[in-house]
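If you're matching positions, the sequence shown starts at 307 in the numbering used here and goes up one per residue.
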Amino acid sequence: MDLFTYSAEQSPQGKLLADRMRPETLAEYIGQEHIVGPGKLLRRAIEADQLSSIILYGPPGCGKTTLAHIISKQTKADFVQLNAVDASVKDVRGVIDQAKMNKAMYGRKTILFLDEVHRFNSSRQDALLPAVEKGDIILIGATTENPFHYVNGALLSRSTLFQLHPLSWEHSLLAMRRALEDEQKGLGMLKIECEEEALLHIAHTANGDIRRALTALELAAMTTMPERDGTIRITLEVAEESIRRPLVRADESTQYDVLSAFHKSVRGSSDAALFWFIYAVEKLGMDPMVFIRRLTVACSEDIGLANPQAMVQAVSAMEAYHRIGWPESKYIIAQAILFAVESPKSNSIPVALGKISETIQRIGSAEVPLHLRDTHYRGAEQLGHVGYRYPHDYPGHYVDQQYLPDVIKREVFYEAGELGAEAKIRLNQEQRRNAKRR
307 MDLFTYSAEQ
317 SPQGKLLADR
327 MRPETLAEYI
337 GQEHIVGPGK
347 LLRRAIEADQ
357 LSSIILYGPP
367 GCGKTTLAHI
377 ISKQTKADFV
387 QLNAVDASVK
397 DVRGVIDQAK
407 MNKAMYGRKT
417 ILFLDEVHRF
427 NSSRQDALLP
437 AVEKGDIILI
447 GATTENPFHY
457 VNGALLSRST
467 LFQLHPLSWE
477 HSLLAMRRAL
487 EDEQKGLGML
497 KIECEEEALL
507 HIAHTANGDI
517 RRALTALELA
527 AMTTMPERDG
537 TIRITLEVAE
547 ESIRRPLVRA
557 DESTQYDVLS
567 AFHKSVRGSS
577 DAALFWFIYA
587 VEKLGMDPMV
597 FIRRLTVACS
607 EDIGLANPQA
617 MVQAVSAMEA
627 YHRIGWPESK
637 YIIAQAILFA
647 VESPKSNSIP
657 VALGKISETI
667 QRIGSAEVPL
677 HLRDTHYRGA
687 EQLGHVGYRY
697 PHDYPGHYVD
707 QQYLPDVIKR
717 EVFYEAGELG
727 AEAKIRLNQE
737 QRRNAKRR
């Protein structure tokens with residue numbers, strides 16, 4: 307069979323290879339063994355046709371829609387698919403009304419597959435809740451966004467959450483090998499010889515996106531002229547022309563995760579902190595200022611008085627970014643990041659603030675001691691606002707006196723750490739406390 311026979315006979319409906327090779331059964335499904343492997347809960351529920359409401363959470367191309375497609379093939383329930391991008395409350399209520407009728411008249415269940423459920427606002431999600439609670443519909447929600455951020459808590463609590471992992475290049479390679487061998491739905495009827503390097507290049511570039519891998523393989527096969535004996539030879543050069551490296555999609559959850567990774571890396575790894583910063587800005591297109599702001603916070607939250615110069619470096623980087631822009635300022639920002647990571651660390655500031663917040667909640671209100679109250683008016687002495695001792699009049703510019711309210715006058719909130727410049731502060735605190743005991 308040659309290229310032109312294939313085009314006319316194999317795909318009369320114009321279906322792409324990725325659509326033709328879409329798995330129809332769990333045996334054909336690639337990846338996610340942790341939830342649909344033999345004996346796993348979701349697999350058992352699908353095979354027994356006893357599915358309850360579920361949320362499928364995972365990155366694009368990991369197989370959420372394919373899994374829903376398999377369920378639609380294996381269930382005896384009515385299967386309805388809506389996309390949250392264009393589905394209205396009226397559409398949802400129409401599905402629910404029909405589901406109630408089918409359940410009452412025929413005892414038949416209804417499964418509603420709602421793709422991109424995170425695009426449903428709260429009011430539209432609320433429309434689903436009563437039907438899910440009563441069992442009128444079984445919901446399958448698919449989302450690329452963190453469901454704890456975008457799915458109503460009540461709806462999430464009534465569904466089982468399954469997290470799908472990103473697929474690997476090995477999964478893409480497996481899918482392509484199947485397509486090359488399958489004579490019914492794939493490319494097996496063609497005489498294709500594909501170099502191993504070509505397959506590996508497509509698999510690695512697709513980065514776990516099986517649809518992209520199969521589309522590239524099909525493009526390579528369809529645009530390569532057969533040799534005299536009908537062989538279609540897919541070389542590495544052909545593969546490189548058939549697939550391009552994708553732009554990484556930086557959804558909101560991804561941005562939060564990368565920013566979190568950056569801040570945590572500032573506490574312990576110069577290499578990782580620099581990596582996440584450059585990756586986020588140059589690969590995900592995130593705003594450098596987001597990371598400079600987070601770095602400035604970290605300089606107080608995680609370094610504090612152990613090295614006060616870290617804050618100076620961070621603020622200087624912020625000023626440099628405003629004045630000279632990107633990419634020139636990346637060197638100044640990188641310097642500030644490295645200075646912060648390599649600085650001695652202390653969390654004594656957030657610990658002190660936490661203690662104070664807890665204390666305020668506990669005591670409710672606090673009276674200012676009389677000797678600390680304002681005395682810049684006539685009659686202050688008559689009200690008893692006397693007794694304040696001016697520290698600069700004493701040796702060491704310090705005098706022991708009460709500064710906190712009576713109810714918490716012995717509380718200690720800020721305890722200096724033992725590293726860097728804060729070690730001197732700790733020594734000073736200890737000397738003052740020893741002076742009180744004498």
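From the three backbone atoms N, C-alpha and C, an ideal C-beta is built for every residue, glycine too.
State buried or exposed for residue i, treating a residue as buried only when at least 16 other CB atoms are found within 10 Å of its CB.
{"i": "N740", "result": "exposed"}
{"i": "R399", "result": "exposed"}
{"i": "L323", "result": "buried"}
{"i": "D355", "result": "exposed"}
{"i": "L611", "result": "buried"}
{"i": "V423", "result": "buried"}
{"i": "Y456", "result": "buried"}
{"i": "V674", "result": "exposed"}
{"i": "H507", "result": "buried"}
{"i": "Q490", "result": "exposed"}
{"i": "Y709", "result": "exposed"}
{"i": "E315", "result": "Unreliable placement is indicated for E315, whose pLDDT of 42 sits below 50; the coordinate value is still reported in the next sentence. So E315 ends up on the exposed side."}
{"i": "L733", "result": "exposed"}
{"i": "L347", "result": "exposed"}
{"i": "M327", "result": "buried"}
{"i": "K651", "result": "buried"}
Determine the DSSP secondary structure at residue i, reduced to helix, strand or coil.
{"i": "F719", "result": "coil"}
{"i": "G400", "result": "helix"}
{"i": "M307", "result": "In this predicted model, M307 has a pLDDT of only 41, less than 50, meaning its place in the structure is not dependable; the value taken from the coordinates is given anyway. Here M307 sits in coil by DSSP."}
{"i": "L332", "result": "coil"}
{"i": "G660", "result": "helix"}
{"i": "Q380", "result": "helix"}
{"i": "M595", "result": "helix"}
{"i": "R573", "result": "coil"}
{"i": "M495", "result": "coil"}
{"i": "F581", "result": "helix"}
{"i": "F426", "result": "coil"}
{"i": "M531", "result": "coil"}
{"i": "L689", "result": "coil"}
{"i": "E607", "result": "helix"}
{"i": "A433", "result": "helix"}
{"i": "D325", "result": "helix"}
{"i": "T521", "result": "helix"}
{"i": "D563", "result": "helix"}
{"i": "D699", "result": "helix"}
{"i": "V395", "result": "helix"}
{"i": "T450", "result": "coil"}
{"i": "K409", "result": "helix"}
{"i": "N513", "result": "coil"}
{"i": "N740", "result": "helix"}
According to DSSP, residue i sits in a beta bridge with which residue or residues?
{"i": "V386", "result": "L418"}
{"i": "C500", "result": "I540"}
{"i": "L445", "result": "L418"}
What separation, rounded to the nearest whole angstrom, lies between the Cα atoms of residue i and residue j?
{"i": "N427", "j": "Y562", "result": "20 Å"}
{"i": "S313", "j": "L462", "result": "The predicted position of S313 is uncertain, since its pLDDT is 47 and thus under 50; no value can be drawn from it."}
{"i": "A526", "j": "W475", "result": "18 Å"}
{"i": "D593", "j": "G702", "result": "48 Å"}
{"i": "H628", "j": "V603", "result": "18 Å"}
{"i": "D535", "j": "R484", "result": "23 Å"}
{"i": "I549", "j": "V621", "result": "43 Å"}
{"i": "G690", "j": "H677", "result": "8 Å"}
{"i": "A640", "j": "D577", "result": "11 Å"}
{"i": "E543", "j": "A519", "result": "16 Å"}
{"i": "Q737", "j": "E664", "result": "27 Å"}
{"i": "D325", "j": "G492", "result": "10 Å"}
{"i": "P318", "j": "C500", "result": "With a pLDDT of only 40 at P318, under the threshold of 50, the placement of this residue in the model should not be trusted, and no figure is reported."}
{"i": "R498", "j": "N513", "result": "Going by the sequence as given, residue 498 is Ile instead of Arg. I498 and N513: Cα-Cα distance of roughly 23 Å."}
{"i": "T279", "j": "A374", "result": "The chain is shown only over 307 to 744; residue 279 falls outside these bounds and no answer can be derived."}
{"i": "L434", "j": "K715", "result": "55 Å"}
{"i": "D421", "j": "K409", "result": "23 Å"}
{"i": "V564", "j": "T449", "result": "19 Å"}
{"i": "A626", "j": "I584", "result": "17 Å"}
{"i": "S649", "j": "V705", "result": "33 Å"}
{"i": "W582", "j": "K379", "result": "42 Å"}
How far does the alpha helix (DSSP H) with residue i in it reach, from first residue to last?
{"i": "G459", "result": "G459 to S463"}
{"i": "I630", "result": "Q615 to I630"}
{"i": "F454", "result": "P453 to Y456"}
{"i": "L644", "result": "K636 to V647"}
{"i": "D355", "result": "Unbroken run through D355: none, as it is neither H nor E."}
{"i": "E487", "result": "W475 to E487"}
{"i": "V342", "result": "E339 to V342"}
I need the boundaries of the beta strand (DSSP E) containing residue i, first residue and last residue.
{"i": "Q469", "result": "T466 to Q469"}
{"i": "I361", "result": "I360 to Y363"}
Can you find a C-beta in chain D that's less than 8 Å from the C-beta of residue i?
{"i": "V438", "result": "Checking the listed chains, one finds no chain D in this structure; it contains a single protein chain."}
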